[in-house]
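Read through the structure below, which is laid out as structure tokens, and then see the notes.
2 protein chains.
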Amino acid sequence: MKKRAVILLSGGLDSTTCLALANKESFELFALTINYGQRHDFELKASKIIANLYNVKKHSILNINLAKFGGSALTDDIEVPKNRSENEMSNIPVTYVPARNTVFLSLALAWAESLKAYNIFIGVNSLDYSGYPDCRPEFIKSFEKTANLATKIGVEGEKMSIHTPLINLTKGEIIKLGISLGVNYGLTSTCYDPKENGDPCGFCDACILRVKGFHSISEKDPLRYNN
Amino acid sequence: MKKRAVILLSGGLDSTTCLALANKESFELFALTINYGQRHDFELKASKIIANLYNVKKHSILNINLAKFGGSALTDDIEVPKNRSENEMSNIPVTYVPARNTVFLSLALAWAESLKAYNIFIGVNSLDYSGYPDCRPEFIKSFEKTANLATKIGVEGEKMSIHTPLINLTKGEIIKLGISLGVNYGLTSTCYDPKENGDPCGFCDACILRVKGFHSISEKDPLRYNN
Numbered sequence: 001m002k003k004r005a006v007i008l009l010s011g012g013l014d015s016t017t018c019l020a021l022a023n024k025e026s027f028e029l030f031a032l033t034i035n036y037g038q039r040h041d042f043e044l045k046a047s048k049i050i051a052n053l054y055n056v057k058k059h060s061i062l063n064i065n066l067a068k069f070g071g072s073a074l075t076d077d078i079e080v081p082k083n084r085s086e087n088e089m090s091n092i093p094v095t096y097v098p099a100r101n102t103v104f105l106s107l108a109l110a111w112a113e114s115l116k117a118y119n120i121f122i123g124v125n126s127l128d129y130s131g132y133p134d135c136r137p138e139f140i141k142s143f144e145k146t147a148n149l150a151t152k153i154g155v156e157g158e159k160m161s162i163h164t165p166l167i168n169l170t171k172g173e174i175i176k177l178g179i180s181l182g183v184n185y186g187l188t189s190t191c192y193d194p195k196e197n198g199d200p201c202g203f204c205d206a207c208i209l210r211v212k213g214f215h216s217i218s219e220k221d222p223l224r225y226n227n
Numbered sequence: 228m229k230k231r232a233v234i235l236l237s238g239g240l241d242s243t244t245c246l247a248l249a250n251k252e253s254f255e256l257f258a259l260t261i262n263y264g265q266r267h268d269f270e271l272k273a274s275k276i277i278a279n280l281y282n283v284k285k286h287s288i289l290n291i292n293l294a295k296f297g298g299s300a301l302t303d304d305i306e307v308p309k310n311r312s313e314n315e316m317s318n319i320p321v322t323y324v325p326a327r328n329t330v331f332l333s334l335a336l337a338w339a340e341s342l343k344a345y346n347i348f349i350g351v352n353s354l355d356y357s358g359y360p361d362c363r364p365e366f367i368k369s370f371e372k373t374a375n376l377a378t379k380i381g382v383e384g385e386k387m388s389i390h391t392p393l394i395n396l397t398k399g400e401i402i403k404l405g406i407s408l409g410v411n412y413g414l415t416s417t418c419y420d421p422k423e424n425g426d427p428c429g430f431c432d433a434c435i436l437r438v439k440g441f442h443s444i445s446e447k448d449p450l451r452y453n454n
């Protein structure tokens with residue numbers, strides 16, 4: 001029987017690469033997308049198309065209104081910053097959603113435990129990571145330890161593993177990996193503040209990192225930046 | 228300025244005692260109730276009445292459909308076990324909701340970080356705890372460490388504390404503490420499978436622990452067990 005894995009799938013570049021990797025490693029795929037009230041909900045449409053393409057066993061979209069807690073430009077009426085310099089981008093930006101990856105991993109853990117899936121994939125990245133504290137390896141390691149103390153799985157002697165295959169890669173290396181796996185990046189959605197038709201703004205942190213990533217390996221981003 | 232605290236409030240006996248304690252310790256109170264698709268949603272009504280009574284600064288009720296993940300008698304069509312012996316109750320029961328406290332604490336953490344509240348209260352109990360792994364002190368300690376790695380708060384040198392004032396108390400001791408704080412246990416809802424009017428069944432694990440608790444300190448439970 002195939003081993004099962006829960007993959008956190010936002011519909012973005014990183015999580016789609018993660019899904020392609022888990023697929024290549026022959027896991028039975030369960031994709032989890034969290035609709036947390038983000039303003040860039042074009043991601044949700046992308047996640048459905050991608051989950052379908054990879055023929056996942058099940059794609060769960062879970063609604064949770066983190067906007068209720070406030071405090072982030074991704075869920076509130078705070079403006080998404082544009083054209084930040086590299087120096088500015090090393091500070092934790094207003095697009096930080098409080099405790100987002102802790103919440104996402106907890107939900108993945110809940111589903112994984114129900115499924116008897118002992119593997120969770122998350123596409124966090126500690127290099128080109130916009131300064132979010134919950135993308136760092138020490139956070140992931142600590143969460144994995146907590147997860148094993150939290151669950152029946154741990155008590156019964158199995159081990160829950162949190163896979164972060166992209167954590168030490170540059171954006172360019174991630175894209176290169178994805179291309180080698182046949183990922184169609186034209187289907188992914190990265191922008192924090194996309195236009196109505198889903199086209200990226202080209203100027204938010206996420207767009208800047210993505211554009212630089214493609215540029216660094218001399219590849220062409222299939223998305224349209226027509227500003 | 229008063230220090231802020233987020234209190235996970237289910238509307239049950241333990242969390243209400245926690246709220247009363249945080250109130251006595253002069254925290255500014257933010258109560259968080261999670262509507263996770265539990266079949267005993269009478270709890271939600273209890274939580275509103277109690278939050279109101281303690282004049283909390285804000286009461287957030289967050290909807291999240293953990294039933295989607297399955298695997299528990301509290302959210303699924305699995306029957307809630309009744310009249311289990313003490314021996315049976317030492318095993319992890321079907322009322323276990325996968326990773327529930329990890330999910331709840333993550334959500335409390337997200338809100339706490341937005342509020343700049345550095346204190347989270349959760350009424351877990353490792354003695355009369357029905358065998359849930361996520362009620363143990365080692366889990367809480369590990370989560371606290373993870374929380375401080377996960378957040379801006381941690382990076383900026385503040386510390387998020389997870390308070391578990393009930394963790395080493397027997398049910399009887401918790402009730403005694405609550406009575407000394409003036410808690411009206413007639414407003415709380417404990418049963419996993421209450422009747423339509425909210426009256427407890429009297430025979431599920433939660434009812435049995437509660438009844439025993441009152442009995443052990445020779446106090447009368449104000450709830451009606453009229454089976």
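Line by line, the protein sequences give chains A and B.
In this text, residue positions in the first sequence follow our numbering: the first is 1, and each later residue adds one.
In this text, residue positions in the second sequence follow our numbering: the first is 228, and each later residue adds one.
Note that beta-carbon positions come from the ideal geometry of N, C-alpha and C, so glycine has one too.
Computed from a predicted model, the values in this text were never measured in an experiment.
Exercise for the section: Find out if the Cβ-Cβ distance for the pair B/T378, B/L336 is shorter than 8 Å. Expected result: Within the second sequence, numbered from 1, the residue matching residue 378 of chain B stands at position 151. Within the second sequence, numbered from 1, the residue matching residue 336 of chain B stands at position 109. Less than 8 Å divides the Cβ of B/T378 from the Cβ of B/L336.
Exercise for the section: Can you tell me which of the three DSSP states B/N328 falls into? Expected result: Here residue 328 of chain B is taken as the residue at index 101 of the second sequence, counted from 1. Correct three-state label for B/N328: helix.
Handout entry: Closer than 8 Å to chain A by CB, B/V330
Key = Against the second sequence, residue 330 of chain B aligns to sequence position 103. B/V330 counts as touching chain A.
Exercise for the section: Reducing DSSP to helix, strand and coil, say where B/V283 ends up. Expected result: Your numbering for residue 283 of chain B matches position 56 in the second sequence. B/V283 falls in the coil class under three-state DSSP.
Problem - B/E252 versus B/P449, B/L408, B/S353 and B/N453, residue with shortest Cα-Cα distance - result: Mapped onto the second sequence, residue 252 of chain B falls at position 25. Looking at the Cα atoms, B/L408 is the closest of the given residues.
Exercise for the section: Could you please tell me which residues of the segment 358-386 of chain B, in chain order, have their CB closer than 8 Å to any CB of chain A? Expected result: Within the segment 358-386 of chain B, P360, D361, R363, E365, F366, S369, F370, K372, T373, A374, L376, A377, T378, K379, G381 and V382 place their CB atoms closer than 8 Å to a CB of chain A, listed in sequence order.
Exercise for the section: Check A/F30 in the structure and name its three-state DSSP category. Expected result: Taking the first residue of the first sequence as position 1, residue 30 of chain A is located at position 30. Here DSSP, grouped into helix, strand and coil, assigns A/F30 to strand.
Practice task
Provide the residue(s) that pair with B/H463 in DSSP beta bridges, ordered along the chain.
Solution key: No statement about residue 463 of chain B is possible, as the shown extent of chain B runs from 228 to 454 and does not include it.
Problem - Length of the line joining the Cα atoms of A/F69 and A/A22 - result: Taking the first residue of the first sequence as 1, we reach residue 69 of chain A at position 69. Taking the first residue of the first sequence as 1, we reach residue 22 of chain A at position 22. One C-alpha to the other measures close to 33 Å.
Problem - chain B contact residues for A/I64, given Cβ-Cβ distances below 9 Å - result: Here residue 64 of chain A corresponds to residue number 64 of the first sequence, with the count starting at 1. Ordered by position in chain B, the residues that pass the 9 Å Cβ test against A/I64 are L289, N290, I291, N292 and L334.
Exercise for the section: Return no unless some Cβ of chain A is closer than 8 Å to the Cβ of B/G350. Expected result: Working through the second sequence from its first residue, we reach residue 350 of chain B at position 123. B/G350 is outside the set of residues whose beta carbon lies under 8 Å from a beta carbon in chain A.
Exercise for the section: Run down chain A in chain order and give the residues with a C-beta less than 7 Å from the C-beta of B/S341. Expected result: Mapped onto the second sequence, residue 341 of chain B falls at position 114. Going along chain A in sequence order, the residues near B/S341 (Cβ under 7 Å) are F69, G70, G71 and P98.
Exercise for the section: Go ahead and pull the three-state DSSP assignment for A/V6. Expected result: As a position in the first sequence, residue 6 of chain A is number 6, starting the count at 1. DSSP places A/V6 in the strand class (E or B) of the three-state scheme.
Exercise for the section: Could you give the DSSP three-state label for B/N424: helix, strand or coil? Expected result: Stepping through the second sequence from its first residue, residue 424 of chain B is reached at position 197. Residue state, collapsed to three classes: coil.
Handout entry: For A/I7 and A/D14, the rounded distance between their alpha carbons
Key = Counting from 1 along the first sequence, the entry for residue 14 of chain A is found at position 14. Counting from 1 along the first sequence, the entry for residue 7 of chain A is found at position 7. If I take the Cα positions, the gap works out to 11 Å.
Handout entry: Closer than 8 Å to chain A by CB, B/A337
Key = Within the second sequence, the letter at position 110 stands for residue 337 of chain B. Under the 8 Å criterion on CB atoms, B/A337 is classed as interfacial with respect to chain A.
Exercise for the section: Measure the CB-CB distance between A/L107 and A/L32 and report whether it falls below 8 Å. Expected result: Counted from its first residue, the first sequence places residue 107 of chain A at position 107. Counted from its first residue, the first sequence places residue 32 of chain A at position 32. Yes.
Practice task
Put B/L289 into one of helix, strand or coil per three-state DSSP.
Solution key: Mapped onto the second sequence, residue 289 of chain B falls at position 62. If DSSP states are grouped into helix, strand and coil, B/L289 belongs with the strands.
Handout entry: Option in B/L236, B/A232 and B/M228 with minimal Cα separation from B/T417
Key = Counting from one through the second sequence, the residue named residue 417 of chain B turns up at place 190. Out of B/L236, B/A232 and B/M228, the CA that lies nearest to the CA of B/T417 is found in B/L236.
Problem - Burial state of A/I49 (16 or more Cβ within 10 Å) - result: The residue labelled residue 49 of chain A in the question sits at position 49 within the first sequence. Looking at its Cβ environment, which holds fewer than 16 other Cβ atoms inside 10 Å, A/I49 is exposed.
Practice task
Could you check if B/M387 is buried or exposed, using at least 16 other CB atoms within 10 Å of its CB as the buried criterion?
Solution key: If you number the second sequence from 1, residue 387 of chain B lands on position 160. Result: buried.
Exercise for the section: Report the three-state DSSP secondary structure of A/W82 (helix, strand or coil). Expected result: Within the first sequence, residue 82 of chain A is the residue found at index 82, counting from 1. It is Lys, not Trp, that sits at residue 82 of chain A in the sequence shown. Three-state result, A/K82: strand.
Practice task
Would you please state the rounded distance, in angstroms, between the beta carbons of A/P194 and A/F42? I believe it to be under 8 Å.
Solution key: By one-based count along the first sequence, residue 194 of chain A stands at place 194. By one-based count along the first sequence, residue 42 of chain A stands at place 42. 5 Å between Cβ atoms; contact.
Practice task
Taking only the alpha-carbon atoms, compute the straight-line gap between B/G264 and A/K220 and give it to the nearest angstrom.
Solution key: For this step, residue 264 of chain B is matched to residue 37 along the second sequence. For this step, residue 220 of chain A is matched to residue 220 along the first sequence. Spanning the two alpha carbons is a distance of roughly 46 Å.
Practice task
Check whether the Cβ atoms of A/I64 and B/I291 sit closer than 8 Å, and answer yes or no.
Solution key: Counting from one through the first sequence, the residue named residue 64 of chain A turns up at place 64. Counting from one through the second sequence, the residue named residue 291 of chain B turns up at place 64. In this structure, B/I291 lies closer than 8 Å to A/I64 by Cβ.
Handout entry: Outcome for B/K230 when other beta-carbon atoms lying within 10 angstroms are tallied against a minimum of 16
Key = As a working note, residue 230 of chain B is residue 3 in the second sequence. The residue in question, B/K230, is exposed, as its Cβ has fewer than 16 Cβ neighbours within 10 Å.
Problem - Coil, strand or helix - B/C431 by DSSP - result: The residue labelled residue 431 of chain B in the question sits at position 204 within the second sequence. Reduced to three states, the DSSP call for B/C431 is strand.
Handout entry: Cβ separation of A/I120 and A/I162, assumed to be a contact under 8 Å, to the nearest whole Å
Key = Here residue 120 of chain A corresponds to residue number 120 of the first sequence, with the count starting at 1. Here residue 162 of chain A corresponds to residue number 162 of the first sequence, with the count starting at 1. Confirmed, Cβ separation roughly 5 Å.
Problem - Length of the line joining the Cα atoms of A/N55 and A/S47 - result: For the purposes of this step, residue 55 of chain A is identified with residue 55 of the first sequence, where counting begins at 1. For the purposes of this step, residue 47 of chain A is identified with residue 47 of the first sequence, where counting begins at 1. Roughly 12 Å separates the two Cα atoms.
Problem - For B/N262, three-class secondary structure by DSSP - result: Residue numbering aside, residue 262 of chain B sits at position 35 when the second sequence is read from its first letter. Strand, per DSSP.
Handout entry: Member of B/N453, B/G399, B/V410 and B/L404 whose CA lies at the smallest distance from the CA of B/N424
Key = For the purposes of this step, residue 424 of chain B is taken as the residue at position 197 of the second sequence. The alpha carbon of B/N424 has as its nearest neighbour, out of B/N453, B/G399, B/V410 and B/L404, the alpha carbon of B/N453.
Problem - Straight-line gap, B/L436 to A/C207 (C-alpha atoms, nearest Å) - result: On the second sequence, residue 436 of chain B is found 209 positions in, with the first residue counted as 1. On the first sequence, residue 207 of chain A is found 207 positions in, with the first residue counted as 1. When rounded, the separation of the alpha-carbon atoms in B/L436 and A/C207 is 55 Å.
Handout entry: Neighbourhood of B/A374 by C-beta, 6 Å cutoff - its chain only, sequence neighbours within 5 removed
Key = Here residue 374 of chain B is taken as the residue at index 147 of the second sequence, counted from 1. Here the set comprises L336 and M387.
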